[in-house]
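Colleague: Have a look at this one before I ask anything.
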């Protein structure tokens, strides 16, 4: 109860509200819970394979039983790509690799594919930049098939398109990434009016956000739509919505009637 808000991802919210993962045995300590208030940016997780394996590994189902680096174990992108693979019923063997040597692991056949991620579809982590340099021209996107895309969507997961050149200037086409959302979320000590006014202020100054951080560009393009998609990703059946965010989305015509019962009290 010492803090009135927290920075957390939708995946972290799910662990918090089920008291699993990092929040196992945390329930006795809780005095108030954060609720969905302000979604800020996304990361997008995807899969790459060696170009010389592209005719053999054509969709995610072709990874079944194979050794894959799913990004560092325990972190959000690892959890994200695992839930995506689980949604289509594909089981892979995660191989933990020193992130400096992912290209070497691919070249030596220690792994047949690697997951990677962007922030806001525009930037790679440091180890991803190193991978792009050391494996320049050697990797291609491994996108889910149409059937797999349908399964992902039926599981409530979203897909976004990423320009492959963000990863490697020599890579062509589009990468399909599975996004997850990060944000700053308040408890109910913060009033409906305060959260509503904050969101309105963000919207009013949206054009300035990418000047602060390029990762805020998707938010800046449509603040209300971004909040809507964040709610969908976090699952309001599990994580309640702050009444200030509810008021804002109602005003924007982006409120779903069934969400009425998920407004935090």
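Numbering (the working numbering), first residue to last: 589 to 853. All C-beta atoms in this analysis are idealised placements derived from N, C-alpha and C, irrespective of residue type, glycine included. The structure presented is a predicted model; accordingly, all values stated were derived computationally and were not measured.
If we ignore side chains and look at the alpha-carbon of each, how far apart do residue 716 and residue 705 end up?
Modeller: Using only the alpha carbons, I get a separation of about 8 Å.
Colleague: Classify residue 807 as helix, strand or coil using the three-state DSSP reduction.
Modeller: helix
Colleague: In or out: residue 732 buried (at least 16 other Cβ within 10 Å) or exposed?
Modeller: So residue 732 ends up on the buried side.
Colleague: So the alpha helix (DSSP H) residue 789 belongs to, where does it begin and stop?
Modeller: 780 to 792
Colleague: In terms of alpha-carbon separation, which member of 750, 652, 709 lies closest to residue 679?
Modeller: 652
Colleague: DSSP beta-bridge partners for residue 632?
Modeller: 706, 767
Colleague: Can you tell me the Cβ-Cβ gap for residue 826 and residue 602, rounded? I've got them flagged as a contact below 8 Å.
Modeller: Between residue 602 and residue 826 the Cβ distance is about 6 Å, and since that is below 8 Å, they are a contact.
Colleague: Ends of the alpha helix (DSSP H) at residue 693?
Modeller: 690 to 696
Colleague: Which complete alpha helix (DSSP H) runs does the segment 729 to 774 hold, if anything under 4 residues is left out?
Modeller: Listed in chain order, they are 734 to 742.
Colleague: Exposed or buried, what is residue 675 when buried is set at 16 or more other beta-carbons lying within 10 Å of its beta-carbon?
Modeller: buried
Colleague: Does the segment 622 to 641 touch the segment 657 to 667, meaning 3 or more C-beta pairs lie closer than 8 Å?
Modeller: yes
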